[in-house]
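Accompanying notes for the structure given below.
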Amino acid sequence: MQYDFNNIEKKWQEYWAKNQTFKAKNDSEKEKFYVLDMFPYPSGAGLHVGHPLGYIASDIYARYKRHKGFNVLHPMGYDSFGLPAEQYAIQTGQHPADTTRVNIEGGVDKEGKKIEGYRKQLDRMGFSFDWSREVRTSNPNYYKWTQWIFIQLFNSWYNTDADKAEDIADLITAFEKNGNANIKAVCDEDTPSFTAEDWKAFSEKEKQEVLLNYRLTYLAESEVNWCPALGTVLANDEIVNGVSERGGHPVVRKKMTQWSMRITAYAQRLLDGLQKVDWPQPLKDSQTNWIGRSVGAAVDFNLKDFEDTISVFTTRPDTIFGVSFMTLAPEHELVGKITTPEQKEAVEAYIEATAKRSERERMADVKTISGVFTGAYAEHPFTKEPIPVWIGDYVLAGYGTGAVMAVPCGDQRDYDFAKHFNIDIPNIFEGVDISEEAFADKENTVIANSDFLNGLPYKEATKKVIAELEKLGQGEGKVNYRLRDAVFSRQRYWGEPFPVYYDADGLPHMIEEEHLPITLPEVDKYLPTETGEPPLGNATEWAWDTVAKKVVENSKIDNKTVFALDLNTMPGWAGSSQYFNRYMDPKNEQEIFSQEAINYWQDVDLYIGGSEHATGHLLYSRFWQKFMFDKGLVPKDEFAKKLINQGMITGTSAFVYRWSQNYLEKVIFLSHGFISKVVDARGFVNDYSKPLENLISSLTSKPGGRVISEANWKNFMPLHADVSLVNSSDELDVEGFKNWRPEFKDAIFIGDNGEIIEGDNDKYIVGREVEKMSKSKYNVVNPDAICEEFGADSLRLYEMFLGPLEQSKPWNTAGITGVHSFLKKLWRLYHGGADGAFEVSDEEPNKDSWKTLHKTIKKVEEDIENFSFNTSVSTFMIAVNELSSQKCASRKILEPLIILVSPYAPHIAEELWEKLGHDESISEAPFPKFEEKYLVESSKEYPISFNGKMRFKLELPLDLSKDEIESTVMAHEKTQQQLQGRTPKKVIVVPGKIVNIVG
RNA sequence: GCCUUGGUGGCGGAAUUGGUAGACGCGCUGGAUUCAAAAUCCAGUUCCUUUGGAGUGUGGGUUCGAUUCCCACCCAAGGUACCA
């Protein structure tokens, strides 16, 4: 009987769906295990083979855990709000909700394009997802809870004394009693101080404004990159050289009132929490760097002739007597004010030049030193000496205060700046030469020339100077974080609407929880309005009636009982910041999730996803989780115990090379190999129309006289060829290519030896290059096609077999035949009967078969625990090869073997399991138990090395002593042959391992 | 610049604690089977000047022994904030 994978896979996928095999219960005698994938954004392009890599790995792990007796939660859903759907809506006028549904469920879009749909594609790969728990972030019954969390954040403040988020009502009570003098909270810098009496005297508007300084989500003016032409705000990396990446429109910095999330309140806890999660170190490093904690002091420098002060943050307050200038970021707010008339022109020119440079550019360029003196002077807090104030683009406005106290003797950048501009470099270090470079070694610092700090090391000097600064009222010790509050408003249509309306004073009010969700209004176009308002400004029914408690027409707005709703929507990361908890109880309409559900599942045990989410999704999710923990909603303040980053699968593009300097009427493609020969031979190309044969010969030989150029790769333009037209030997299907690109219908193809390709006998070999998998590079490989041709089990095995999960690796469809023929061999192992009929015996297996089985159990179990899935596929191949040659057909071997294979290739496993006589799914069959006794050996084939190089092998009993081994080896003829009469200096014997003879 | 990851045959990769470098698979070569092809099976396949020798990005070091540990460097990919 043949291995009929198409029918087998269909049969079991239907079986799993019908029997709800993978539906997880929220209570069980078994221990729980939660395996989570980062859910996909359902794009119209569908899945390619790179997408399921992580899903296959997590599925193997989830299935393995079921075999190990766990109650496994393995859900899947869609992160279905997002920009591509909105762009598509703008272009085609289709509602993003419709296109999104088609992308998930399949169907035909307005253009008549058939879309398979993510769900079908995923189902085809045999994943053990519990689809009854599916969530879609763009469904109102899901985003109801995203809005709900937003309201909870609005109604909370961060109490630094308690080090947790608390109810805003408690803060109001405290204000009524004592004002805000004794409140320790994370709040805006410019929060005024007031007494209880002040508070009581405030108007409602004033009170609300004060409270916004404390709320965990708050309205603030933030600067954004505004692109008037696109009517939208752009991210830093959407801007290239000061203009938008799309369309090249000018971008201006604009202040906008937007919602912000006070993530900075959690900076320290986000940092500390990294200690207790098992996440990849590079990912932890990037979060640590993103949070950017540094300890030092805030120092205020008074300005000469101005009331203002320049605030700086420094990690080296101990070096304050070494300050010889200050540098402000060119964007610093004081620059315009303090620049003297003489310097004005130079400063303005410099600012203009800086504005054209991106932050990345300013950061990466350490060689160019630039800056301009403002003409102004600050005053040293202790010596009262004047300090010149410069501007320089090595200081970034976005970090700290945007100003630096420059200590050239202790900081290399300040040193280089001072040298370049001939600024004084006072030495304040004892016994250190600073004539060549700055001295930045904190540990070996002894301060000198510094008044009251003389003779002190770094730590004591820092302590002392902070105390002195505090006395002067010009500074204090401070911990600074790079982390900024996160802007939470987007001027887009396809996102969660805010449950917020604005009163006549422009103050925000939350809609009561019981009226959620506030669903997205219909609009007739998805672009910003003509007045520059976000797309929701196009809605005619987008006002909140506080009496009727519903969304009503805009015309009813009276600012008494009917108010305007927020026109912004939430960002992409809103919906993904708590979905892992919602999966635990996804249909609950009363609560975000029940306490029973969250207390049972607790947290994610294994999370698999891409490293590109290191500082976005994964940081915001941790923030929301900590907030929910403070509110007593979740039992764990970190949502995922272990995290694995899967690498990218890159595509192997295929190229044909068009000769750009031929003057024949026909297009000529030369093979990669032939061009190499021509270039290596330094062949010449001439420009005369000749019969084709002459033309080819002129490529390789120098034609007398009329030479125009030496052959060069630049003469041959590479064009992508669709990878589906190339076989496993890199041979192009020439006819297929001509049909695919009709403009090349008459093209001539020249093979590796300069032959013109005609018919099937000659081969055009394409060039290969590894690139990101993308439609435009024609290197996308569709998993459906692979499933069709080789089956889902082959696809699953092959994706794992490609290499280590975490590394990026190129896809090459040709190699899949290896794992496919492995599955066929596996099938034959169970079908040794006449005409390939199913047949297993009840005979006792021989010793070798037991050994093969148990070493396989051991290795596969270790591999899965270490997420080394590629090596277990090899192990299966070795096992099947060995069992085949042992002619093993014993049930005692073949039954446990198929359980081992089952997490990787579940369809074939179910089929064989059924044939073995089981009427229940294999999915919960207990994982075979490894027994050491089958691997015990009595002898070992020792490698015999000479000076560390293995020269021959010798089979010896394992119970020989060291001396016995040595004498046996030394007496061996091959040893004498190697030594050629020499006497060895030394013989190293490691019993059970190796023998090494030195000399 | 800085941080992170990586560099092993023609290709993907293996070598889990310092102990046989190249497992397993692809590709390639030869053979069997076949009218032929597909499929399947068997043998070979790191390189070289082959009774031997060299070899895991480069150059050093530690060691009886290094892909593995240490130092310096080169290259590639990803990230990034001159962090004061």
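Per full-length UniProt numbering, the very first residue in the first sequence carries number 1; after that it's consecutive. From the three backbone atoms N, C-alpha and C, an ideal C-beta is built for every residue, glycine too. This one's a predicted model, so the numbers in the text were calculated from it and none came from an experiment.
Legend entry - Nearest-angstrom Cα separation, counted from threonine 160 out to serine 28: Spanning the two alpha carbons is a distance of roughly 40 Å.
Legend entry - Alpha-carbon spacing of tyrosine 78 relative to tryptophan 131, whole angstroms: So the two alpha carbons sit approximately 11 Å from each other.
Inset, instruction - Hey, could you find the ends of the beta strand (DSSP E) tryptophan 157 is sitting in? - result: Here the beta strand (DSSP E) through tryptophan 157 covers 156 to 159.
Inset, instruction - Please report the residue range of the beta strand (DSSP E) in which tyrosine 657 lies. - result: Taken as a continuous stretch (DSSP letters only), the beta strand (DSSP E) holding tyrosine 657 covers 649 to 659.
Legend entry - Closest Cα partner of lysine 985 within the set Gly992, Met970, Pro991, Lys993: Nearest option by C-alpha distance: Met970.
Legend entry - Ordered list of beta strand (DSSP E) runs contained in the region 313 to 380, each at least 3 residues: Given a length threshold of 3 residues, each whole run of the beta strand (DSSP E) inside the region 313 to 380 is given here in chain order: 325 to 328, 372 to 379.
Legend entry - alanine 57 versus Phe488, Phe417, Leu643, residue with shortest Cα-Cα distance: For the residues Phe488, Phe417, Leu643, the minimum Cα distance to alanine 57 belongs to Leu643.
Inset, instruction - Measure from the alpha carbon of serine 967 to the alpha carbon of each residue in Val604, Gln602, Ile944, then state which is nearest. - result: Selected option, being the one with the closest Cα: Ile944.
Legend entry - Uninterrupted beta strand (DSSP E) stretches inside the region 435 to 481 (no shorter than 3 residues): Runs of the beta strand (DSSP E) inside the region 435 to 481: 475 to 481.
Inset, instruction - Throw me the rounded Cβ distance for the glutamate 771 and asparagine 779 pair, which I believe falls under 8 Å. - result: Their Cβ separation, rounded to whole angstroms, is 6 Å, which keeps glutamate 771 and asparagine 779 in contact under 8 Å.
Inset, instruction - Please work out which residues of its chain come closer than 7 Å, Cβ to Cβ, to aspartate 730, disregarding the five sequence neighbours upstream and downstream, and give them in chain order. - result: The residues Ile765, Val766, Arg768, in chain order, have a CB closer than 7 Å to that of aspartate 730 in the same chain once the five nearest residues on each side in sequence are set aside.
Inset, instruction - Indicate whether the contact test is met: 3 or more Cβ pairs, each with one atom in the region 367 to 378 and one in the region 392 to 403, closer than 8 Å. - result: Contact annotation: the region 367 to 378 touches the region 392 to 403, with at least three C-beta pairs closer than 8 Å.
Inset, instruction - Below 8 Å on the Cβ atoms is my guess for isoleucine 748 versus isoleucine 668; work out the distance and round it to an integer in Å. - result: That pair is a contact at about 5 Å.
Legend entry - Candidates Thr531, His831, Gln886: closest to lysine 915 by CA position: The shortest C-alpha separation from lysine 915 is found at His831.
Inset, instruction - Determine, using beta carbons only, whether threonine 569 and arginine 490 come nearer to each other than 8 Å. - result: In this structure, threonine 569 places its C-beta atom within 8 Å of the C-beta atom of arginine 490.
Inset, instruction - Please report the residue range of the alpha helix (DSSP H) in which proline 84 lies. - result: That run of the alpha helix (DSSP H) goes 83 to 92.
Inset, instruction - Determine the direct distance from the alpha carbon of valine 998 to that of glutamine 977, and round the result to whole angstroms. - result: Roughly 14 Å separates the two Cα atoms.
Legend entry - Stretch pair the region 427 to 447 + the region 305 to 322: three plus CB contacts closer than 8 Å: Between the region 427 to 447 and the region 305 to 322, the count of C-beta pairs closer than 8 Å reaches three or more; the two stretches touch.
Inset, instruction - Look up aspartate 4 in the DSSP assignment and say whether it is helix, strand or coil. - result: Secondary structure at aspartate 4: coil, using DSSP grouped into helix, strand and coil.
Inset, instruction - Spatial neighbours of alanine 220 within its chain, please: CB distance less than 6 Å, with the 5 preceding and 5 following residues excluded, ordered by chain position. - result: Excluding sequence positions up to five before and after alanine 220, its CB lies within less than 6 Å of the CB of Ser260, all in the same chain and listed in chain order.
Legend entry - Assigned exposure category for leucine 958 - 16 Cβ within 10 Å defines buried: Leucine 958 should be labelled exposed.
Inset, instruction - Determine the contact status of alanine 640 and tyrosine 607, defining contact as a CB-CB distance below 8 Å. - result: Contact flag set, yes.
Inset, instruction - Using DSSP bridges, identify the partner residues of glycine 107. - result: According to DSSP, glycine 107 bridges with Ile115.
Legend entry - From His617, Val634, Gly610, residue whose alpha carbon lies closest to that of glutamine 602: Among His617, Val634, Gly610, the Cα nearest to that of glutamine 602 belongs to Val634.
Inset, instruction - Select from Gly532, Ile557, Ala548, Val547 the residue whose C-alpha is nearest the C-alpha of threonine 540. - result: For the options Gly532, Ile557, Ala548, Val547, the alpha carbon positioned closest to that of threonine 540 is the one of Ile557.
Legend entry - Cβ pair tryptophan 148, arginine 582 closer than 8 Å: Contact flag unset, no.
Inset, instruction - Please state if the CB of glutamine 121 and the CB of glycine 46 are separated by a distance shorter than 8 Å. - result: Pairing glycine 46 with glutamine 121 gives a Cβ-Cβ distance under 8 Å.
Legend entry - Through-space distance from histidine 820 to threonine 983, alpha-carbon basis: Each residue's Cα considered, the two are about 54 Å apart.
Inset, instruction - Give the straight-line distance between the Cα atoms of tyrosine 218 and arginine 133, rounded to the nearest whole angstrom. - result: The alpha-carbon atoms of tyrosine 218 and arginine 133 are separated by roughly 33 Å.
Inset, instruction - Please go through the same chain and pick out, in chain order, the residues whose beta-carbon is closer than 7 Å to the beta-carbon of aspartate 37, but skip the five residues on each side of it. - result: Within the same chain, Cβ atoms closer than 7 Å to the Cβ of aspartate 37 are found at Gly54, Tyr55, Ser58, Met76, Ile608, Gly609, the five residues on either side in sequence being excluded.
Inset, instruction - Check whether the region 835 to 854 touches the region 881 to 898, taking contact to mean three or more Cβ pairs, one atom from each stretch, closer than 8 Å. - result: Touching, yes.
Inset, instruction - Could you tell me which residues DSSP pairs with leucine 520 in its beta bridges? - result: In the DSSP secondary-structure assignment, leucine 520 is not bridged to any residue.
Legend entry - First and last residue of the uninterrupted beta strand (DSSP E) at isoleucine 720: The residue asked about is misnamed: residue 720 is histidine in this sequence, not isoleucine. That run of the beta strand (DSSP E) goes 716 to 721.
Inset, instruction - Taking valine 723 and valine 781 to be in contact with their CB atoms under 8 Å, please state how far apart those CB atoms are, rounded to whole angstroms. - result: Separation of the CB atoms of valine 723 and valine 781 is rounded to 7 Å, and the pair is thereby assigned contact status at 8 Å.
Inset, instruction - For lysine 974, I'd like the list of residues in its chain whose CB is within less than 7 Å of its CB, leaving aside the five on either flank, ordered along the chain. - result: Answer for lysine 974: Phe952, listed in chain order.
Inset, instruction - Could you tell me the distance, in whole angstroms, from the CA atom of glutamine 807 to the CA atom of glutamine 646? - result: Rounded to whole angstroms, glutamine 807 to glutamine 646 spans 7 Å at the Cα level.
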